Every structure is written in C-alpha cells, then in structure tokens.
Amino acid sequence: MRDAKPLRLQRRGRGVALHLPVLLQLLGFLLLLLLLAGVARGQQSPLPPVPPAPPLSAVEKQLNNLTNNVAETISDKFSFCVADLEEDWNEAFNYTSNLSFVDKCLQDTQGDLPQRLCTPDEVKFYFSSLYDRDGDKNINLKTNINCNISSWGKGCDPGWACATDPVPDPRNHDSNNIPLRRRNCQACCEGFFCPRGLTCMLPCPLGSYCPRATANETTGLCDPYKYQIISNTSLTESCGGADMWADIQSTEEIFCPAGNYCPTTTKRDSCSSGHYCRLGSTAEEKCIIKASCDENTKNENIVILGACLVGALCLLLLIIYNCSDKFLSIRERRKARSRENAIQLARQQVKAHEGWKAAKQFARRHVNGMQSHLSRTFSRRKSFHQQVDPDNSSHRVQEAPLMGQDKTQEMSDSAIFAAESTNEITEVMPSVIVDVSDEEVVAAKEKPTSKGKHRSTHTQVFKYAYGEIEKEKFRQQENKNLTFTGVIAMVKDQQKEITRPLLKVEFRDLTLMLGKKKLLRSINGELRPGRVTAVMGPSGAGKTTFLNAVIGKVNGYKVTGSVLVNRKNVNIRSYKKIIGFVPQDDIVHGNLTVEENLWFSAKCRLSARMKHRDKVLIVERVIDSLDLQGIRNSLVGTVEKRGISGGQRKRVNVGIEMVMEPSLLILDEPTSGLDSSSSQLLLRALRHEAVEGVNVCAVVHQPSYTLYNMFDDLILLAKGGLMVYNGPVKTVEDYFTTLGIHVPDRVNPPDHYIDILEGIVKPGSGIKAKHLPVHWMLYNGYEVPSDMQDDLKEIGEQTPQISSSPSMSGSTPHCLPLRNAFTEECDRLEHHLSKPKDLSSRKTPGIFMQYKYYLGRVTKQRLREAKLLAVDFLILGLAGICLGTIAKLSDKTFGMPGYIYTIIAVSLLCKIAALRSFSLERLQYFRERESGMSSLAYFLARDTIDHFSIVVKPIIYLSMFYYFNNPRSTMADNYIVLLALVYCVTGIGYTFAICFSPGSAQLCSALIPVVLTLLSTQKSTPMFLKRLCYSKWALEGFIIVNAKKLVFVHHCFF
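Mind the numbering: the sequence shown is residues -42 to -1, 1 to 1012 in mature numbering (1 follows the signal peptide of the UniProt record, and there is no 0), read in order.
This is the structure in structure tokens:
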C-alpha cells in the first residue's frame, strides 16, 4: 500500500512526457497560422497611424484668425454697439497671457482641435441668425448641412461639437459654405461654446465662464447652463459644454457671476473684501470706500459721493451768487459816491457862478451910477463958475470941490466894496469851479484803469453831467417862458448844433377799419415839433387807435388816407429809431432797478457815436426831471414782488422813451394813476422835451385845469373815431363859442366838452353833439364822407360834391370782400417781412454790441432770480433721488426703465424752466422789438446765459440718480447724453414759449415728453415716427454707454 501512490505518479509522469512533444508542435503550428494571418491582413488593410498633435503656436494662430473674424462680423452686424474694434478685440479675445484652456482641449480632443473650430462662414451664419431674430430672446439657428430635419447628429445638440475630415471635401458644403462635420462628436471643451444647431466650437470671450456642464437630476438641466438633459443617454454623456454666447439678456448664465471675477474663461474666484465685481468681471475693482465692500460684493454703494458732489456744487453756486452780488453792490456804491460828489461840486459851481454874476452886476450898477453922478457934478460945477459972484468966488470955488470930494469918496467906497466882493469871489472860484474839458475826459478814459483813476474818471464824467444839468436849470430860471423858437435862437447864438432831427407829422383823410367797422374816419390834422399835443375824447373814441395809426402800428387793419412825415409820403416805420412810444401799461423789467431800465434803453437806442459822458448826461437829466433820484437803485418790482409805487413806475415807463432822445414822443395815458403833483411833474418834463424840439403827443383823460393849460395843442375826438377839434389850446373856447357852446363858470373846459361828446350834457343853441365832427370839417373845408351826408342836410348846408373812393373803382360788390381780405393779408405779411429804409439818420449799436448789453442785463436778472434757479435744482435733485432709488439696475435691461423715467422727468422739468426765459417777458420783448432792437441779440443773450443752467442741471440730476442707481456706464458718459437731452428739450421749451401763450406752452411741455417716450418704446410704432422722437435717441444713447462697458456684449435688440 505504501508503494501504490509513487507508482501512480510515475505512470502519470511517463504519460506527460510522452504527450509533451505533441503539445509543443501544436502550439508552434498555431503561432505560425496567427503570424501568417496577421501578415495577410496587414497587406490587405493597414492600421491608421495616430496623427501627431499640432504645435500650440499653430493652434494659437488659427484661434487668432477665428476671433478676428468674429470681431469683424460683430462689427459689421452691430456697428453701433462697437466703439473701437481693436480695443474690444483685445479685451475680449486676447488670450496670449493664458492659453492653458487651449492646451487642455488639444489633449481632450486628441489633437483634432483645428478640425473642430468654426470656419469664417459658420461664424457669419451664427451671428446672422442672432441679427435676424427681431428681439426674440430664444436663439434658434437655421438648418444647415449638418443639422436639419433629416439629419440631426450628436454634434447638433447644445454643448456638443464634431470634427471635419482631416482633408475636407469641398463638395461636402451646403449653400452657406458650411462643411460636413460628423466625425468623432464629443462634448465641447472648457473655454469654448457650441451652439445648438451648429456642430463647431467658438472660443468664449474674456469675462465669460465656460466650464463643462454637469447634469442636475432635480431640475433636469445642465448646470450652470439652461439647456435640458438629452434623453436616452446616460447622465455622464448627456451634458456637454457651454452652448450659447449672445447678448446678456439671452445668455446671462455664460458670463462670470456678479460677486466673482474670472481671470480666464475656465477659472472663477470670489471677490475679496474691499473690492466689488460686477457681472462679467475679469478682475476685481477697488471700492472708493473700502469699508463699504464685503466679500462677494456685486456693486459699490456710492451714495455718499453724490451727496458730497451736490454739497460742493451748492457751495460753489452760493459763493458765485454772494460774490457777484457783493461785487455789484460795491460797484453801485462807488458810482453813488462819485455821483454825490459830482452833484455837490456842480451845485457849488452854479452857486458860485450866480454869486459871481450878481457881484458883477452889482459892481457894474454902482460904477455906472458913479459915472453918471460924476458927469452931473462936473456939469453943475461948470455952470456954477459961470454964475459965481467975483467977491465970493474964492469961497465958492473952494466949497465946490469939497462937496464933490465927499460924493466922490462915497461912490469910491461903494466901488471899493464891489471890487473887494469881486476879489473874494474870484479867490473862491478856483477852489470850487472845476471846468472839465472834453480833452480831459477823453484823456482820463484812456489812462490805465487802476482803482483810483477809474474812480476819478467816474467822478469827472458825473461832474460834467451834473454841471450841464445845473446850467440848464439856471437858464430855465432865467428864461421861464422860453419857447421852441427862443431855444432855436439861443442855440444859434451859442453856435451849437441841434442833434435831434425835427419830425412834423400830418395825416390826411386817415381812415382805419377792422373788418366792416370803422375805428377812425376822415381824420385830418398835424402834429408839430416843439409842441405838446393832448388827445382827448370819450371812451371808445379811438384815441389809442389814432396813436397806433400815427406811428404805423396798424397790423391787421385796413388803412386809407395818408400819413406824411415832414411833408413826405414815406413809411413812418423808417423813423422808428427816433420815435418813442409809451404804452398805456407800464411795460418795464421788474427785476431791474430804475437806473438799469433807463440805462439799457439809452445804450441800445442812442447813437453809437455818442460819447459816454453825453449818455450819462441824458440819463441823469431824465432821472432828475422825473424826480427819480431817490429810487434810482430800487427794483421796479413785479406783481409777485413789490417794488416802487405805481406812479413811480409810470414815470419810469416814460423815462425809458425819453432817454433815447426821440424826435417824436407818443404817450398813451401817461397821467393815468398819477396824482396832481406827479402829473404836473411829468408834464413839465415833457414840456422840457418839447423845448428841445421834440414832437410830443399824449392821450389824457379829463386833466385838471392847470394840467390842461400846460398843453400847446388839443385833438378832440368823438365816438366813432371822428375829429371834433385840432388846434391850439388857447383858441378851443373861441371855436366852440362860435358854435354856440359856452363853458359854464367854474367848469373845466375839457370836462365840459367831453361830457357833451358823451351825451351827458346837451350843447344847447340847437346844435347836436353828433353834428360837431361835420361842423369841424366844414370849418376847415374838409370833404364830408358820403355816409355823413344826412348829418350835413340836417345842419342845412349845401351838400358838396363827393368824389368816388379810389378803393371802390374797378371793383364789383361781389368781389370786393375777397379783394379786401387779400389786401389785408398782404399788408400783414408786408408788415412782418418788409424792412423799410432807415431815414432816421441815427446809427444805433449793432447786433454784437446789443448782444453785449443784453448779456449784461440778463446776467443781473438771473442773479436776482437765484431763488427760482435754486428751486429748479432742488426739484431735479429730488427727482434723481426718487428715480435712482425706484429704478432697479439690471444688466439684462441696462437700466432701461430708469432711463425712461429719467427722460420724462428731465424733459418735463427743463421745459417748464425754459418757458420762463421768454414767456415772462413777452410784452417787454415786443416793445423792444418795435423800437428797433435786435431780436437775434435778445435771443442769443438769453440762450447764452441759460447755458449755465443747461450745463449744471445734468450734474445736479446725475449726482443723485447715478450715485443711487450706480449703473455700469461712467458718470462722464451719462453726463454727455443727459446734456444733449437737456439742450434739446430746452430748445423745444423756447419754441413753445415763443409760439404759444403761457398756458398752452405749459400744457405742451407736460404732455409732449410722455407721448414721445411712449411712441419711441412701442414696437408697433413705425420707424420713421420713432426717428422723429428725441426720446428714442436719448434712450439709445443711455443704453449704448452702458453696453460699451460689456465688451462685445450688446443689447441691440430693443
């Protein structure tokens, strides 16, 4: 039993040894067969060699060409969103600093990355699809050779791409020249995006974050993107890479999240403390106030900066306002001091001159008396010697000389007293009288303007002015009853020139009609220079209409007859530079002082060649004659802000026309609202103008007897625009006495005549009030109109032959109304468009000098209206705070809602403020325009000053809105767009203020911004209508300045 096991092992070992050679032979045969099969297979189909990976530099070059093509395509399609192509490319596609994502992609794709990148034609195809979607947020590419209904491979899904053949066949391209891509499809590499419907890869721009997507089982989406998991595939293979890059509204998820920054398209870091990171940031941005920024801060809080900016701006405006006000007050005090010194010196000069003249007269009187007395004494002595007795001759001869010596001594004492008085005055005169010659004043003006010399120049000019004024007063006292003829004679004796041209106005058969109503009928008469004419009559007699017809203000009326100027039939508007018209209403600038109102009229309407000292003399003379010295530096005032009294305002209204030295001065009720003393003061000033040769005509209502006798001539009008009397005041009672109309005792003649014309008092003597115009026509031999023939028959006179009216000849009754309407329209157009030849012989300052004067006036007005400007700024700031807080900033909309509110609010507030520039001074402007001042200079001056508020208002608004809203765009860019908006709406406000009444202008200013903004933001609005809306361009400007901060990230689909 022990040997049994070894025996079996021996037998098994012997069997294996016997079969081993056989097994080895079979193994070798099998190896031989395998070897022969491998050789045969290698000869039939060799294995493809693995292509070598391309160098990184070659891929980088291809990538640069691709990104350049992308940039050019974007620039072509969306040029208005790309400011600088090269700069945008550097910021979006300059990967030279880090190409790690390219190297990794080469490894993932086993070196076939060049075959996976999109061609230029595929780039154009992609962006053309974006451009043609018409604002649709969903991006759907058109079908192509790779992705269509019949063929939809794995590479057509979002986040997936395929490669082309190593050597693409040109025949495998579609109509868009897109190559066939169906080989080796796999997920899109990190740092690239692969759109749905396109089987190639595009590099993600800097500022994007493009990692591989991960499947989210809960939502069924591929995070961090928004495309769904592809069904019927495993979760590991269903999600690819980034799928789409377009505008930020459609593809927000591809950009680096807010609170993070992405230095590359495959790396994301959290924003550190003291920094903030907006959506799509490639680097951290430091916070101005570091303590306000924690980790992962999305935006910086800069409200405190806005508050500081507003405070600094308010402080600057306050300093400017106070300094300018102080500067003006110091200047006025200096001028007042110089004026007071000049007045005192001038009065002392005149007083010394009066004393000198009195002393000379006293001495001359006593010397003449002495000479006459001595002549009589010598005559008596001669006769005495002839009759003397010889016995007493010695005694008598000795006595006579004694008597003559006493008388001579007495007269010598008087002469010595007179001489001593004269010597004393002569000694005083050099210290009092300062005679400033023309050369001295001119020399003083040409000297350097140091403080002392500048003050001395003012003093010298005021000395000259008040010296002349006091001399005129002295001459007036010497010649109290001096007439215009006497003035002419005195001027000739003094060899002086009359600077004002004389105007004599004659009106012949003057008739004025408005429609079919006759306002004036057959007015004949004249206004003579050097005389003061009063126009009186009951209410509705056409007194103001008569004045308007005389000076040519007949726009819209039908005028027949003629108005002659110096016996020449010329347009009286040719003399408007020397015609002054004082309206019934006190149209003066309430926010200017009395002196400033007068000086502005003098500078713009007096001759440009006139010396400054002569202008000072004219203005000071008017101020003195109208007794305005005490209120010369007082504001005139407005309805809201009380100023000077009504009577003083009326005198300022008259003074504005007097300072321009008119030859014809027309006044419409200058004494209404004045007491008796003020009326007499005003009439004395007008009589002084008449003495200078001015033709003065004034409408007055029932003046007092004293005031009535201060007029030279009287024009009396009846109801219906008919003339009752035109002639000297001294003969009016004689004329009416011849008609049997007597003025009762203690009754003022003009009151009695007006009561008769009103029908309150019967004229008596069988005469009727309605016949008085006919009596005047018959008295002067004027032609009686055809419609007054019945009155003529009632009087009992023979009817004179009536000639046919020239306007009726050659016209039929049917076409006459049409012809009259056409004539009236032509006259209206001619009045506005025609520019009559200037015959005034006065060259006033040109447009540039008037612009300078207007500029100074408007500057003073704006400084005095600083409170209104401050209220405008305050409202703008509050609007900025409210809208900046309410309108939430979003990169998806680029802050569009907030900018829409901004356009409406700023437009409304700026238009309302612009209305004040012209609406509040419409009447003043019309008065100045009618007097010949330049409308262009007026507009340019106001527009120039308004540029200050135009420039400041955007800063005020943005200092609140920008710092509360903190948009992506810079403050400077927002300011430029808002400045253009404010300038635009201010011009629109000017147009409304000029063309419409204040109420209508305010309504349009409130309605237009809302309507235009709604039209420009509605998709259904036609494009041509949108382009007419300023709000469309403003909104586009705001969006573009925000969009350009996102490189190649545009929101061009609004």
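Every residue, glycine too, gets a C-beta built ideally from N, C-alpha and C.
Note that this is a predicted model, so its numbers are computed, not measured.
With Gln638 as the anchor, note down where its alpha helix (DSSP H) starts and where it stops. Along the sequence shown, one-based indexing puts residue 638 at 680. It spans 634 to 649 - the alpha helix (DSSP H) in which Gln638 sits, taken as one unbroken run.
Report the option in Asn1000, Cys281, Thr122, Val864 whose CA atom is closest to the CA atom of Gln144. As a position in the sequence shown, residue 144 is number 186, starting the count at 1. Considering only alpha carbons, the answer is Thr122.
Through-space distance from Thr417 to Arg289, alpha-carbon basis: Start at 1 with the first residue of the sequence shown, and residue 289 comes out as number 331. Start at 1 with the first residue of the sequence shown, and residue 417 comes out as number 459. Answer to the nearest angstrom: the Cα atoms are 13 Å apart.
Paired residues, beta bridge with Asp227 - DSSP: Translated into positions along the sequence shown, residue 227 becomes position 269. According to DSSP, which records beta bridges pairwise, Asp227 is partnered with Tyr219.
According to DSSP, residues forming a beta bridge with Asp626: Looking up residue 626 in the sequence shown gives position 668. Val657, per the DSSP bridge assignment.
Using C-beta distances below 6 Å, list every residue in its chain close to Gly995, excluding the 5 sequence neighbours before and after it, in chain order. Here residue 995 refers to the residue found at position 1037 of the sequence shown. Around Gly995: Val935.
Cβ pair count under 8 Å reaching 3, the segment 275 to 289 against the segment 914 to 926: no
Which word fits Tyr84, buried or exposed, when buried means at least 16 other C-beta atoms lie within 10 angstroms of its C-beta? The sequence position of residue 84 within the sequence shown is 126, counting from 1. Result: buried.
Here's a check: name, in chain order, each residue in its chain whose Cβ is nearer than 6 Å to the Cβ of Met668, leaving out the five neighbours to either side. As a working mapping, residue 668 is identified with position 710 in the sequence shown. So the list reads Leu641, once near-sequence residues are dropped.
Spatial neighbours of Ala173 in its chain, beta-carbon cut-off 7 Å, leaving aside the 5 residues before and after: On the sequence shown, position 215 is the one that residue 173 refers to. Cys180, Ile187, Leu193, Ser196, Cys197, listed in sequence order.
Is DSSP giving Ala119 helix, strand or coil here? Start at 1 with the first residue of the sequence shown, and residue 119 comes out as number 161. It is a strand residue.
Does DSSP put Gln65 in a helix, a strand or coil? Counted from its first residue, the sequence shown places residue 65 at position 107. In the structure shown, Gln65 sits in a helix (DSSP, three-state: H, G or I).
Assuming residue 1016 contacts Pro215 (C-beta within less than 8 Å), just tell me the rounded distance between them. Outside the shown range of the chain (-42 to 1012) lies residue 1016, about which nothing can therefore be said.
Distance between beta carbons of Ala294 and Ala499, contact taken as under 8 Å: Residue numbering aside, residue 499 sits at position 541 when the sequence shown is read from its first letter. Residue numbering aside, residue 294 sits at position 336 when the sequence shown is read from its first letter. Incorrect: roughly 46 Å between the Cβ atoms, too far for contact.
Endpoints, the alpha helix (DSSP H) within which Cys942 is located: Translated into the one-based positions of the sequence shown, residue 942 becomes position 984. Run containing Cys942: 929 to 953, per the alpha helix (DSSP H) assignment.
Gln356 versus Gly425: straight-line alpha-carbon distance, rounded: What you label residue 356 is simply residue 398 of the sequence shown in a count that begins at 1. What you label residue 425 is simply residue 467 of the sequence shown in a count that begins at 1. Reliability of the predicted coordinates at Gln356 is poor, the pLDDT of 39 falling under 50, and the value obtained from them is presented with this limitation in mind. So the alpha carbons of these two residues sit roughly 57 Å apart.
With a threshold of 16 other CB atoms inside 10 Å of the CB of Thr802, please say whether the residue is buried or exposed. Taking the first residue of the sequence shown as 1, we reach residue 802 at position 844. Buried, because 16 or more other Cβ atoms sit within 10 Å of the Cβ of Thr802.
Per DSSP, the bridge partner or partners of Val523: On the sequence shown, position 565 is the one that residue 523 refers to. In the DSSP output, where bridge partners are listed per residue, Val523 has Val463, Lys526.
Does the segment 512 to 528 come within contact of the segment 675 to 692, defined as at least 3 CB pairs closer than 8 Å? no
Leu993 to Val968 span [Cα, whole Å]: Numbered from 1 along the sequence shown, position 1035 holds the residue referred to as residue 993. Numbered from 1 along the sequence shown, position 1010 holds the residue referred to as residue 968. Taking the straight line from one Cα to the other gives about 13 Å.
Taking the CB atoms as reference points, tell me whether Ala872 and Leu841 lie closer together than 8 Å. Translated into positions along the sequence shown, residue 872 becomes position 914. Translated into positions along the sequence shown, residue 841 becomes position 883. Against a cut-off of 8 Å, the Cβ pair of Leu841 and Ala872 comes out as no contact.
Can you tell me which of Ala648, Gly605, Asp201 puts its alpha carbon nearest to the alpha carbon of Glu627? Reading the sequence shown from its first residue, position 669 is the one you call residue 627. That would be Gly605, whose Cα lies nearest to the Cα of Glu627.
Alpha carbon to alpha carbon, what distance is there between Leu715 and Val610? Reading the sequence shown from its first residue, position 652 is the one you call residue 610. Reading the sequence shown from its first residue, position 757 is the one you call residue 715. So the alpha carbons of these two residues sit roughly 33 Å apart.
Short Cβ contact (8 Å threshold) for Val268 with Gly957: Within the sequence shown, the letter at position 310 stands for residue 268. Within the sequence shown, the letter at position 999 stands for residue 957. No, Cβ-Cβ distance for Val268 and Gly957 is not below 8 Å.
Span separating the alpha-carbon of Pro406 from that of Tyr812: One-based indexing of the sequence shown puts residue 406 at position 448. One-based indexing of the sequence shown puts residue 812 at position 854. Because Pro406 carries a pLDDT of 45, less than 50, the predicted location of this residue cannot be relied on, and the following value inherits that uncertainty. Taking the straight line joining both Cα atoms gives about 27 Å.
Skipping 5 residues on each side, what residues in its chain have a beta carbon closer than 6 Å to that of Lys431? Counting from 1 along the sequence shown, the entry for residue 431 is found at position 473. Within the same chain, Lys431 has no close Cβ partners at all.
Excluding the 5 residues preceding and the 5 following Pro72 in the sequence, name in chain order all residues of the same chain whose CB lies nearer than 8 Å to its CB. As a first step, residue 72 must be located in the sequence shown, where it is residue number 114. Taken in chain order, the residues that qualify are Pro12, Ala16, Val17, Gln20.
Quick check: what's the CA-CA separation for Ser55 versus Phe150? As a position in the sequence shown, residue 55 is number 97, starting the count at 1. As a position in the sequence shown, residue 150 is number 192, starting the count at 1. Roughly 17 Å separates the two Cα atoms.
Does Cys962 pass the burial test, meaning 16 or more other C-beta atoms within 10 Å, or should it be called exposed? Indexing the sequence shown from 1 puts residue 962 at position 1004. Burial call: buried.
Short of 6 Å in beta carbon distance, which residues of its chain neighbour Val81, apart from the five on each side in sequence? Order them along the chain. Translated into the one-based positions of the sequence shown, residue 81 becomes position 123. Only Asn27, Val28, Thr31 meet the Cβ criterion.
Nearest residue (CA-CA) to Asp544, options Leu632, Asn218, Val261: The residue given as residue 544 occupies position 586 in the sequence shown. When only C-alpha atoms are compared, the closest one is Leu632.
Taking Lys911 and Glu554 to be in contact with their CB atoms under 8 Å, please state how far apart those CB atoms are, rounded to whole angstroms. As a working mapping, residue 911 is identified with position 953 in the sequence shown. As a working mapping, residue 554 is identified with position 596 in the sequence shown. So it is not a contact: roughly 28 Å between Cβ atoms.
Count the other CB atoms within 10 Å of the CB of Glu44; is the residue buried (16 or more) or exposed (fewer)? Taking the sequence shown and counting its residues from 1, one reaches residue 44 at position 86. Glu44 is exposed by the Cβ-count criterion.
Let me know if Trp110 comes out buried or exposed under the rule of 16 or more other beta-carbons within 10 Å of its beta-carbon. The sequence position of residue 110 within the sequence shown is 152, counting from 1. Its Cβ having fewer than 16 others within 10 Å, Trp110 is exposed.
Tell me whether the beta-carbon of Asn106 lies closer than 8 Å to the beta-carbon of Leu138. Start at 1 with the first residue of the sequence shown, and residue 106 comes out as number 148. Start at 1 with the first residue of the sequence shown, and residue 138 comes out as number 180. No; because the gap between Cβ atoms is not below 8 Å, this pair is not in contact.
Which one or two residues does DSSP pair with Thr77 in a beta bridge? Residue mapping note: residue 77 aligns to position 119 of the sequence shown, counting from 1. DSSP lists no partner for Thr77.
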